[in-house]
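Structure record follows, encoded as structure tokens.
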Amino acid sequence: MNRKPTNAADYMEALPADQRGALLKLRKQIRAAAPGCEEHFGYGLPGFKLNGHPLVYFGAGKKHCALYGAVPPGFTEQLKNFKTSKGAIQFTPQKPLPAVLVKAIVKAKVAENEMRWPVKKMKRAGK
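Sequential numbering of the sequence shown, starting at 127, is according to our numbering.
Shown next as structure tokens:
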């Protein structure tokens with residue numbers, strides 16, 4: 127009986143080695159591009175949140191891996207060799223997303239999150 131994974135470690139462990147390797151590399155690239163983000167497991171996928179709000183998710187299908195989250199505007203040309211939809215970018219372990227592109231997309235997602243959900247500064251006591 128196959129159980130649905132309930133955390134990122136279980137999710138990754140269930141993947142074929144090539145997909146696991148590609149997603150572990152992607153996870154490392156996301157973390158480097160958004161050092162303030164925190165790991166999260168939601169919608170049955172591993173991902174990251176920033177200031178408590180979803181940033182990106184990633185996962186694998188039968189024949190592909192994917193980075194999930196609305197694709198920021200301005201990346202059409204860089205993504206022309208990948209299958210994309212409004213909320214996903216598909217790639218394969220043999221043809222992963224370039225690290226420079228992952229960094230740019232994640233930085234754009236961070237900027238979107240910060241604009242959409244600005245971090246409220248706490249007032250200091252006595253002021």
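The beta-carbon is built from N, C-alpha and C at its ideal position, and this holds for glycine as well.
Residues near residue i by beta carbon distance below 6 angstroms, same chain, minus five either side
{"i": "F167", "result": "N133 and A134"}
{"i": "V228", "result": "Q155"}
{"i": "L150", "result": "none"}
Own chain residues within Cβ distance below 7 angstroms of residue i, not counting five before or after
{"i": "Q145", "result": "A186, C191 and P219"}
{"i": "A148", "result": "C191, P219 and P222"}
{"i": "M127", "result": "Confidence at M127 is low in this model, with a pLDDT of 36, below 50, so its placement is unreliable and the value that follows should be read with caution. None."}
Enclosing beta strand (DSSP E) for residue i [first to last residue]
{"i": "V182", "result": "H179 to A186"}
{"i": "A135", "result": "Where A135 is concerned, there is no enclosing beta strand (DSSP E), although the alpha helix (DSSP H) it sits in stretches over A134 to E139."}
{"i": "T210", "result": "K209 to S211"}
Reduced DSSP category for residue i - H, G, I as helix; E, B as strand; rest coil
{"i": "E164", "result": "strand"}
{"i": "L152", "result": "helix"}
Residue i and residue j closer than 9 angstroms at C-beta
{"i": "V236", "j": "K212", "result": "no"}
{"i": "L176", "j": "A158", "result": "no"}
{"i": "Q204", "j": "A230", "result": "yes"}
{"i": "K130", "j": "G170", "result": "yes"}
{"i": "P180", "j": "Y137", "result": "no"}
Range covered by the alpha helix (DSSP H) that runs through residue i
{"i": "L227", "result": "A225 to R242"}
{"i": "Y169", "result": "Premise fails: Y169 is in no alpha helix (DSSP H) and is neither H nor E."}
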